[in-house]
Amino acid sequence: MTTRRLFFASLPDEAIRASLEQSRRRIFPLSGRPVDAANLHMTVAFLGAVGGDRLTSLRELSGAMTPCDLRLDRLELWGKQGVLVAATSQAPQELKRQVDALWQRLGRLGFARDPRPFKPHVTLARDV
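Residue numbers for the sequence shown follow my numbering, so the first one is 29 and each next one is one higher.
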């Protein structure tokens, strides 16, 4: 059986993507590998290796999230993971609620949520 590394993510629009790129360019060159602008995203649920036979079930429970304001107002270096991220000082309650609801649906399919609290961020560079 073929497995794929899957996650649910929110994709920034072009204006936000450009702003993230501009912020990253200001601080590079650093060590590490910049994430390509086309791949910038905010993971809302990481599932890991998932069998291809589960894709239909996952598509059925997925859907658009209600837009909410998220201010990425911090650059953080997560040393243990070796990543540079754009993060938020305060995650909107509406976003947390939507992520919780997604995980409730995923739980019914047998997916286990990471016990660490959800911390909205966009990875800008790896191996930093």
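We put the beta carbon where it would ideally sit given N, CA and C, even for glycine.
Keep in mind that this is a model prediction, so the values were computed, not measured.
Put simply, of R99, D41, A114 and L98 the residue whose alpha carbon is nearest the alpha carbon of L105 is A114. About 5 Å separates the Cβ atoms of D101 and S117, confirming a contact at the 8 Å cut-off. Between the alpha carbons of T30 and F36 lies a gap of roughly 19 Å. The residue among R133, P145, V150 and R33 with its C-alpha nearest the C-alpha of S85 is R133. M70 is a Cβ neighbour of S38, given a cutoff of 7 Å. V72: member of the beta strand (DSSP E) spanning M70 to G79, first to last residue.
The Cβ atoms of R33 and A77 sit closer than 7 Å to each other.
Straight through space, the alpha carbons of A140 and A43 are spaced by roughly 34 Å.
If you compare the alpha carbons of P143, A65 and I55 with that of V150, the shortest gap goes to A65.
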